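Chemist: Residue numbers (the working numbering), protein chains in the order written: chain R, 1 to 120; chain F, 121 to 233.
The beta carbon of each residue, even a glycine, is placed where N, CA and C say it ideally should be.
Nothing here was measured: the structure is a model prediction, and the numbers come from that model.
If you scroll down you'll find the structure; I have some questions about it.
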Amino acid sequence: EVQLLESGGNLVQPGGSLRVSCAASGFTFSSYAMSWVRQAPGKGLEWVSTISTSGDSTYYADSVKGRFTISRDNSKDTLYLQMNSLRAEDTAVYYCTKGHPSILTYFDYWGQGTLVTVSS
Amino acid sequence: DIVMTQSPDSLAVSLGERVTINCKSSQSVLYSSDNKNYLAWYQQKPGQPPKLLIYWASTRESGVPDRFSGGGSGTDFTLAITSLQAEDVAVYYCHQYYTPRHTFGQGTKLEIK
Numbered sequence: 001e002v003q004l005l006e007s008g009g010n011l012v013q014p015g016g017s018l019r020v021s022c023a024a025s026g027f028t029f030s031s032y033a034m035s036w037v038r039q040a041p042g043k044g045l046e047w048v049s050t051i052s053t054s055g056d057s058t059y060y061a062d063s064v065k066g067r068f069t070i071s072r073d074n075s076k077d078t079l080y081l082q083m084n085s086l087r088a089e090d091t092a093v094y095y096c097t098k099g100h101p102s103i104l105t106y107f108d109y110w111g112q113g114t115l116v117t118v119s120s
Numbered sequence: 121d122i123v124m125t126q127s128p129d130s131l132a133v134s135l136g137e138r139v140t141i142n143c144k145s146s147q148s149v150l151y152s153s154d155n156k157n158y159l160a161w162y163q164q165k166p167g168q169p170p171k172l173l174i175y176w177a178s179t180r181e182s183g184v185p186d187r188f189s190g191g192g193s194g195t196d197f198t199l200a201i202t203s204l205q206a207e208d209v210a211v212y213y214c215h216q217y218y219t220p221r222h223t224f225g226q227g228t229k230l231e232i233k
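Given below as structure tokens:
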């Protein structure tokens, strides 16, 4: 059974940093592109970032480019999102998603999400 | 980036009635090399993560009831529910994966009349 378990969400001050993680199980993690999608309170879904199977290729939404870094450790079956220079508008539930090997993929599995709150 | 626009933003339908939700992309998401539309639909219920319903615009995900169907090609797509059930109350999102910079529609909230 595919499982995606996010962790690391917390309350952080504006300008601060936070790293969220996603522990994957139930599939061959290294064979699949992975992505982060976020949802601000009461709002819709926003794609944040995607990483290729090897980690060589990464893509970001304009709203986070230059501040967020996606990475993966295929030896630990874990996906990461390093978030720097956080802003109030980054407050959201961050979902880890799995697709197919290609980065051009729909998201067939979603984690339960981890809440990041940016506030003073 | 490709902009995805859904309509309507919300709708209320009676149980047993048909529902149609529209999604329009700002450019075609039909990939000529494989003749597939890179378009998916998701259902999100309160307090839950989104659930994949439809991919490649019209392929139903395993386990999804057959009252859900997807259609369209190029830039115009629809999600239809043939006979609305109480458990279908949710927000529905379309998603294009034609480019590495994915985008979602703004969502359509479906309620019971």
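Return no unless some Cβ of chain F is closer than 9 angstroms to the Cβ of phenylalanine 68(R).
Modeler: As a first step, residue 68(R) is located in the first sequence; it is residue number 68 there, counting from the start. Phenylalanine 68(R) does not count as touching chain F.
Chemist: Have a look at glycine 167(F) and proline 41(R) and give me their C-alpha separation to the nearest angstrom.
Modeler: In the second sequence, counting from the first residue as 1, residue 167(F) sits at position 47. In the first sequence, counting from the first residue as 1, residue 41(R) sits at position 41. Roughly 11 angstroms separates the two Cα atoms.
Chemist: With contact counted as at least three CB pairs below 8 angstroms, one residue from each stretch, are the region 26-42 of chain R and the region 70-85 of chain R in contact?
Modeler: Taking 8 angstroms as the limit for Cβ pairs, the verdict is that the region 70-85 of chain R does touch the region 26-42 of chain R.
Chemist: Grab me the residues of tryptophan 110(R)'s own chain with a C-beta within less than 6 angstroms of its C-beta, minus the 5 sequence neighbours each way, in chain order.
Modeler: Here residue 110(R) refers to the residue found at position 110 of the first sequence. Closer than 6 angstroms at Cβ, skipping near neighbours: Tyr95, Thr97.
Chemist: Cα-Cα, which of Ser145(F), Pro220(F), Phe224(F) is closest to methionine 34(R)?
Modeler: Within the first sequence, the letter at position 34 stands for residue 34(R). Answer by Cα proximity: Pro220(F).
Chemist: If arginine 87(R) and proline 14(R) are in contact, beta carbons under 8 angstroms, what's the gap, nearest whole angstrom?
Modeler: For the purposes of this step, residue 87(R) is taken as residue 87 along the first sequence, with counting starting at 1. For the purposes of this step, residue 14(R) is taken as residue 14 along the first sequence, with counting starting at 1. Going by Cβ atoms, the distance from arginine 87(R) to proline 14(R) rounds to 6 angstroms, so yes, they are a contact pair.
Chemist: How many angstroms separate the CA atom of aspartate 196(F) from the CA atom of cysteine 143(F)?
Modeler: Numbered from its first residue, the second sequence carries residue 196(F) at position 76. Numbered from its first residue, the second sequence carries residue 143(F) at position 23. About 6 angstroms.
Chemist: Would you be able to state if there are at least three C-beta pairs under 8 angstroms between the region 128-145 of chain F and the region 188-208 of chain F?
Modeler: With the cut-off at 8 angstroms, the region 188-208 of chain F and the region 128-145 of chain F touch.
Chemist: In chain order, what residues of the same chain lie with their CB nearer than 6 angstroms to the CB of tyrosine 217(F), ignoring the 5 residues before and after it?
Modeler: In the second sequence, counting from the first residue as 1, residue 217(F) sits at position 97. Closer than 6 angstroms at the Cβ level, and outside the excluded window around tyrosine 217(F), lie Tyr158.
Chemist: Quick check: threonine 228(F) and tyrosine 212(F), are their CB atoms within less than 9 angstroms of each other?
Modeler: The residue given as residue 228(F) occupies position 108 in the second sequence. The residue given as residue 212(F) occupies position 92 in the second sequence. Closer than 9 angstroms, so yes.
Chemist: Is the distance from the Cβ of aspartate 154(F) to the Cβ of threonine 223(F) below 9 angstroms?
Modeler: Residue numbering aside, residue 154(F) sits at position 34 when the second sequence is read from its first letter. Residue numbering aside, residue 223(F) sits at position 103 when the second sequence is read from its first letter. Cβ atoms of aspartate 154(F) and threonine 223(F): not closer than 9 angstroms.
Chemist: Only counting the same chain, and skipping five residues up and downstream in sequence, which positions put a Cβ closer than 6 angstroms to that of valine 2(R)?
Modeler: Taking the first sequence and counting its residues from 1, one reaches residue 2(R) at position 2. Within the same chain, valine 2(R) has close Cβ partners Gly26, Phe27, Tyr109.
Chemist: Between Leu115(R), Glu6(R), Ile70(R), Ser17(R), which has its C-alpha nearest valine 48(R)'s C-alpha?
Modeler: By 1-based counting over the first sequence, the position of residue 48(R) is 48. Nearest option by C-alpha distance: Ile70(R).
Chemist: Residues in the region 155-172 of chain F with C-beta within 7 angstroms of chain R's C-beta atoms, listed in sequence order?
Modeler: Cβ contacts with chain R: Tyr158, Ala160, Pro169, Pro170, Leu172.
Chemist: Report the neighbours of phenylalanine 224(F) on chain R: residues whose CB is nearer than 9 angstroms to its CB, in chain order.
Modeler: Residue 224(F) sits at position 104 when you count from the first residue of the second sequence. What phenylalanine 224(F) touches in chain R: Val37, Gly44, Leu45, Glu46, Trp47.
Chemist: Check this for me: beta carbons of cysteine 214(F) and tryptophan 176(F), under 9 angstroms apart or not?
Modeler: On the second sequence, position 94 is the one that residue 214(F) refers to. On the second sequence, position 56 is the one that residue 176(F) refers to. No, the Cβ-Cβ distance between cysteine 214(F) and tryptophan 176(F) is not below 9 angstroms.
Chemist: Within 10 angstroms of its Cβ, does threonine 125(F) collect 16 or more other Cβ (buried), or is it exposed?
Modeler: In the second sequence, the residue the question calls residue 125(F) occupies position 5. Exposed, by the Cβ-count rule.
Chemist: Based on Cα-Cα distance, which residue from Ser189(F), Gln163(F), Leu135(F), Leu230(F) lies nearest to phenylalanine 107(R)?
Modeler: Working through the first sequence from its first residue, we reach residue 107(R) at position 107. Nearest of Ser189(F), Gln163(F), Leu135(F), Leu230(F) to phenylalanine 107(R), Cα basis: Gln163(F).
Chemist: Count the other C-beta atoms from every protein chain shown that fall within 10 angstroms of the C-beta of proline 170(F), then say buried if there are 16 or more, exposed otherwise.
Modeler: As a first step, residue 170(F) is located in the second sequence; it is residue number 50 there, counting from the start. Classification for proline 170(F): buried.
Chemist: Taking CB distances under 9 angstroms as the criterion, tell me whether leucine 81(R) reaches chain F.
Modeler: As a position in the first sequence, residue 81(R) is number 81, starting the count at 1. No, leucine 81(R) lies away from the interface with chain F (no Cβ there is under 9 angstroms from its Cβ).
Chemist: Quick check on DSSP: helix, strand or coil for serine 31(R)?
Modeler: Here residue 31(R) refers to the residue found at position 31 of the first sequence. Three-state result, serine 31(R): helix.
Chemist: Can you name the residues of chain R whose CB is closer than 9 angstroms to the CB of arginine 221(F)?
Modeler: Start at 1 with the first residue of the second sequence, and residue 221(F) comes out as number 101. Neighbours of arginine 221(F) on chain R, chain order: Trp47, Thr50, Tyr59, Tyr60, Ala61, Asp62.
Chemist: Do glycine 99(R) and asparagine 74(R) have their C-beta atoms closer together than 9 angstroms?
Modeler: Start at 1 with the first residue of the first sequence, and residue 99(R) comes out as number 99. Start at 1 with the first residue of the first sequence, and residue 74(R) comes out as number 74. Contact flag unset, no.
Chemist: Return the first residue and the last residue of the beta strand (DSSP E) that phenylalanine 188(F) is part of.
Modeler: Position 68 of the second sequence, counted from the first residue, corresponds to residue 188(F). That run of the beta strand (DSSP E) goes 188-193.
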